[in-house]
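> Sequence positions in the sequence shown follow my numbering and run 3 to 428. Even glycine gets a Cβ: it sits at the ideal position worked out from N, Cα and C. The structure displayed is predicted, hence computed values, not measured ones.
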Amino acid sequence: MAETHVGLLAIGAGPANLALAVAIEESGSPELAEHTLLLEQSPEVKWQRDLLMPWARSQVSFLKDLVTLRNPRSKFSFLNFLHDQNRLDEFINLGTFHPFRWEVSDYLQWVAKSLEQVRIRYDSRVASIEPVRRPGGAIEGWTATLTDGDVIHCRDLVVGGGRDPYLPKVFADLPSDRIVHSAHYQRRIRQLPADAPLRAVVVGGAQSAAEMFMALHDNLPNSTRTMVVRSVGPQNYQTSKFVNELFYPSFVDRFYDSPPEVRRQLLDEMRLTNYAGAAPPFLENMYSMLYQQRGIGGQRSQVRTLTEVVGARVADDEVVLDLRDRTSGKVEPLHCDLVLLGTGFDQRMPAMVRDLVDQVGLSEISVSRCYRVDLGHSAWGAVYLQGVNEATHGIADSLISVLAHRSRDIVADLLARRGVREPEAV
3 MAETHVGLLA
13 IGAGPANLAL
23 AVAIEESGSP
33 ELAEHTLLLE
43 QSPEVKWQRD
53 LLMPWARSQV
63 SFLKDLVTLR
73 NPRSKFSFLN
83 FLHDQNRLDE
93 FINLGTFHPF
103 RWEVSDYLQW
113 VAKSLEQVRI
123 RYDSRVASIE
133 PVRRPGGAIE
143 GWTATLTDGD
153 VIHCRDLVVG
163 GGRDPYLPKV
173 FADLPSDRIV
183 HSAHYQRRIR
193 QLPADAPLRA
203 VVVGGAQSAA
213 EMFMALHDNL
223 PNSTRTMVVR
233 SVGPQNYQTS
243 KFVNELFYPS
253 FVDRFYDSPP
263 EVRRQLLDEM
273 RLTNYAGAAP
283 PFLENMYSML
293 YQQRGIGGQR
303 SQVRTLTEVV
313 GARVADDEVV
323 LDLRDRTSGK
333 VEPLHCDLVL
343 LGTGFDQRMP
353 AMVRDLVDQV
363 GLSEISVSRC
373 YRVDLGHSAW
383 GAVYLQGVNE
393 ATHGIADSLI
403 SVLAHRSRDI
413 VADLLARRGV
423 REPEAV
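1. Determine, using beta carbons only, whether serine 116 and phenylalanine 173 come nearer to each other than 8 Å.
2. Measuring CB atoms only, is the region 251 to 259 touching the region 388 to 407, in the sense that at least three cross pairs come out at less than 8 Å?
3. With distance defined between alpha-carbon atoms, name the residue in Leu343, Pro283, Leu358 nearest to serine 60.
4. On the DSSP letters alone, give me the boundaries of the alpha helix (DSSP H) that leucine 417 sits inside.
5. Apply the 10 Å Cβ neighbour rule to proline 177 and answer buried if 16 or more other Cβ atoms are within range, or exposed otherwise.
6. May I have the straight-line CA-CA distance separating alanine 427 from asparagine 73, to the nearest angstrom?
7. Taking a contact to mean a Cβ-Cβ separation below 8 Å, would you say leucine 336 touches valine 204 in this structure?
8. Taking serine 330 as the reference, which of Ala317, Thr307, Leu358, Thr345 has the closest Cα?
9. Looking at the secondary structure, which residues open and close the alpha helix (DSSP H) in which methionine 216 lies?
10. Extract the residue ranges of the beta strand (DSSP E) inside the region 128 to 207, only unbroken runs of 3 or more that lie entirely within it.
11. Starting from the N-terminal side, write out each stretch of the beta strand (DSSP E) that is 3 residues or longer and does not extend beyond the region 236 to 322.
12. In whole angstroms, what separates the C-alpha of aspartate 91 from that of glycine 97?
13. With DSSP as the reference, label leucine 110 as helix, strand or coil.
14. For alanine 58, which three-state DSSP category applies?
15. Measuring CA to CA, which of Ser107, Leu169, Met272 is closest to phenylalanine 83?
16. Say whether the region 179 to 186 touches the region 7 to 27, bearing in mind that this needs 3 or more beta-carbon pairs closer than 8 Å, one atom from each stretch.
17. Tell me which residues share the same chain as glycine 9 and place their Cβ nearer than 6 Å to its Cβ, disregarding the 5 neighbours each side in the sequence.
18. Helix, strand or coil for proline 45? Go by DSSP, reduced to three states.
19. Determine the closest residue to arginine 190 out of Leu53, Glu247, Arg227, Met291, with distance taken between C-alpha atoms.
20. Is the number of C-beta pairs between the region 228 to 236 and the region 299 to 316 that are closer than 8 Å three or more?
21. I want to know whether the region 272 to 290 touches the region 209 to 217 - three or more CB-CB distances under 8 Å.
22. To the nearest angstrom, report how far apart tyrosine 386 and arginine 420 are at their CA atoms.
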């Protein structure tokens, strides 16, 4: 067992904490940078590692990378990544603001390898985190124990691992080998014989469900595919330029300062900007594929709309889903071999955060504008939450769009708490 002491421990080396690492390196505080450690449970950095289909694209402009909106001159920009990889001319020639998802993943890996002061420790999974208290009970810092037994002590903690996959209760009794959540799609599909004539059912109508539905045509070409959608059909993201202004970092201030009941109303109105929709060009391709199958013959794919799953069980070595037609109320069984869930992520705080809150003894989580959990005025240590604050900071909190400015806000708070003046913008 090894023990390590750092000033700042960030859990996860995804986009959120990589953006924070970049902001720390550019903060003008080498002491903070040299005493910052990121933990990544995987052997390398990958973004949406189980949805890296060759054709999948990011829905966010490449200009909303980890740093450009905060510091357009940064060496950590996506454009500099392309230049470094000798792909800038070719990317410009594509004429798009939306790079392929694998290219964004490569960019994040490049950023991780380009850090000069902030360290990343790979293959490191946190087993538990405990608060360290002063004699009076105030929180002085944190102790993280890893699954390999190593212990890391820190003053400040950043949780940036994202939310937990959401498994609707109706599927709770199905065995794990019959269910594939979109967060685990590629690793699970690779375990199946490519020529297997499986009957696959995709549940959900948003982007992740649509992508799995289309990917099955390549990954399991001999399968039959049914997409079950509760609504009238898969719907486009709301993408008007007026609506897209809610992804401006400045909108975070406006949202945060709104009364709680107004925030709840706004979040409900914003669902189609992120959670419940899909990219219009992608849905066009999906509809064309279904049209071609119907016209040419050999239809192996279908979309069942206005249909909800009200029961799920295994009988005679197959999965039986009870589907209810929302228009007639009629319930009928659908027999299949595999259920793929595009059901998004649990809207509760991640299990790690909930456990941490219980140990601290908080009755509720209150997050400041700078993403710091309120632990009381006497606390010396702090915990910051990234990507899970939609209720207080708006729907963009889980997206790349606000990373550059959010990392600026967190770094400014870290420096202020250390008595260091934030450097002026370049």
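Taking the coordinates as given:
1. At a Cβ-Cβ threshold of 8 Å, serine 116 and phenylalanine 173 do not count as neighbours.
2. Yes: the two stretches touch, three or more of their Cβ pairs being nearer than 8 Å.
3. Considering only alpha carbons, the answer is Pro283.
4. Here the alpha helix (DSSP H) through leucine 417 covers 405 to 419.
5. Answer is exposed; the Cβ neighbour count stays below 16.
6. With a pLDDT of only 43 at alanine 427, under the threshold of 50, the placement of this residue in the model should not be trusted; the figure read from the coordinates follows. Straight through space, the alpha carbons of asparagine 73 and alanine 427 are spaced by roughly 8 Å.
7. With contacts defined by Cβ atoms closer than 8 Å, leucine 336 and valine 204 do not form a contacting pair.
8. That would be Thr307, whose Cα lies nearest to the Cα of serine 330.
9. 209 to 221 is the extent of the alpha helix (DSSP H) around methionine 216.
10. Counting whole runs of 3 or more residues, the region 128 to 207 contains the beta strand (DSSP E) stretches 128 to 135, 141 to 148, 153 to 161, 181 to 183, 201 to 205.
11. Taking only runs of at least 3 residues, the beta strand (DSSP E) segments lying wholly in the region 236 to 322 are 303 to 306, 309 to 317.
12. Answer to the nearest angstrom: the Cα atoms are 10 Å apart.
13. DSSP places leucine 110 in helix when its eight states are reduced to three.
14. Correct three-state label for alanine 58: coil.
15. Answer by Cα proximity: Ser107.
16. Segment contact: the region 179 to 186 against the region 7 to 27, fewer than three CB-CB distances shorter than 8 Å; contact not assigned.
17. By the criterion of a C-beta distance shorter than 6 Å, glycine 9 is surrounded in its chain by His37, Arg157, once the five residues flanking it on both sides are discounted.
18. Coil at proline 45, not helix or strand.
19. Closest by alpha carbon: Leu53.
20. A contact exists between the region 228 to 236 and the region 299 to 316.
21. The region 272 to 290 vs the region 209 to 217: in contact.
22. Roughly 15 Å separates the two Cα atoms.
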